Amino acid sequence: MHARVTRQPIAATATALQDLFGQRLVAAIAGVRDPKAVGRWIRGEDVPRAQAAAALQNALQVVEILRTQEDDDTVRSWFRGMNPDLGDRPPALLVREQPENVAQAARAFLAR
Numbered sequence: 001m002h003a004r005v006t007r008q009p010i011a012a013t014a015t016a017l018q019d020l021f022g023q024r025l026v027a028a029i030a031g032v033r034d035p036k037a038v039g040r041w042i043r044g045e046d047v048p049r050a051q052a053a054a055a056l057q058n059a060l061q062v063v064e065i066l067r068t069q070e071d072d073d074t075v076r077s078w079f080r081g082m083n084p085d086l087g088d089r090p091p092a093l094l095v096r097e098q099p100e101n102v103a104q105a106a107r108a109f110l111a112r
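Residues in the sequence shown are numbered consecutively from 1, following this note's numbering.
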C-alpha cells in the first residue's frame, strides 16, 4: 500500500482522491485555496508543491488503510467528520500537518 501510493504519479493520487472526495476537499487536504489547482495537477498542467504532494500521498495512504474494511461512503464520512481521536477535528483538515496521528486514528477506528 505505502509503496504503491509513493511510487504512483501525483496526478494519479490527485485523481483517486478527487474521485472519492471531490475537488474542494482535495484542495483543503493539500492546503491550497483554489480547488481548480487539483484539476491542473490531474491534467499535468501544474504540479503541487512538495508539502501539498506529501499531504495527498498521506491522505491516500489513510484512505487505503480504511478501505481494507470500509466502503467509500464510510471513508468519506470518516474524513469529513469530527473525530474524537483527533480532538474532535476532521481528519481531512489534519492529514497535512499530522499524518501519523490521522493514520493512527484510522487504525483505531477499524479496531472498534
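Glycine included, every Cβ here is placed at the ideal spot set by N, Cα and C.
Only a predicted model underlies this, so the values are computations on that prediction, with no experimental measurement involved.
### Query
Are alanine 145 and isoleucine 42 touching if we call contact CB-CB under 7 Å?
Nothing can be reported for residue 145: it is not among the residues displayed for the chain, which extend from 1 to 112.
### Task
Pull up the distance between the alpha-carbon of serine 77 and that of glutamate 45, whole angstroms please.
Locating residue 77 in the sequence shown gives position 77, counting from the first residue. Locating residue 45 in the sequence shown gives position 45, counting from the first residue. Roughly 30 Å between the two C-alpha positions.
### Message
Taking CB distances under 7 Å as the criterion, tell me whether asparagine 101 reaches chain D.
### Response
Reference to chain D is not applicable here, since this structure consists of a single protein chain.
### Beta carbon of valine 102 nearer than 7 Å to that of proline 91
Residue mapping note: residue 102 aligns to position 102 of the sequence shown, counting from 1. Residue mapping note: residue 91 aligns to position 91 of the sequence shown, counting from 1. In this structure, proline 91 lies closer than 7 Å to valine 102 by Cβ.
### Query
So what does DSSP say about arginine 89, is it helix, strand or coil?
Taking the first residue of the sequence shown as position 1, residue 89 is located at position 89. Reduced to three states, the DSSP call for arginine 89 is strand.
### Task
Please work out which residues of its chain come closer than 7 Å, Cβ to Cβ, to phenylalanine 109, disregarding the five sequence neighbours upstream and downstream, and give them in chain order.
Position 109 of the sequence shown, counting from 1, holds the residue named residue 109. Closer than 7 Å at Cβ, skipping near neighbours: Trp78.
#### Entry: Expected contact under 8 Å - CB spacing of valine 95 and isoleucine 10 to nearest Å
Position 95 of the sequence shown, counted from the first residue, corresponds to residue 95. Position 10 of the sequence shown, counted from the first residue, corresponds to residue 10. At roughly 15 Å, the Cβ-Cβ gap does not stay under 8 Å, so valine 95 and isoleucine 10 are not in contact.
### Query
What runs of the alpha helix (DSSP H), each 4 residues or longer, lie entirely inside the segment 23-68?
23-30, 36-43, 50-67
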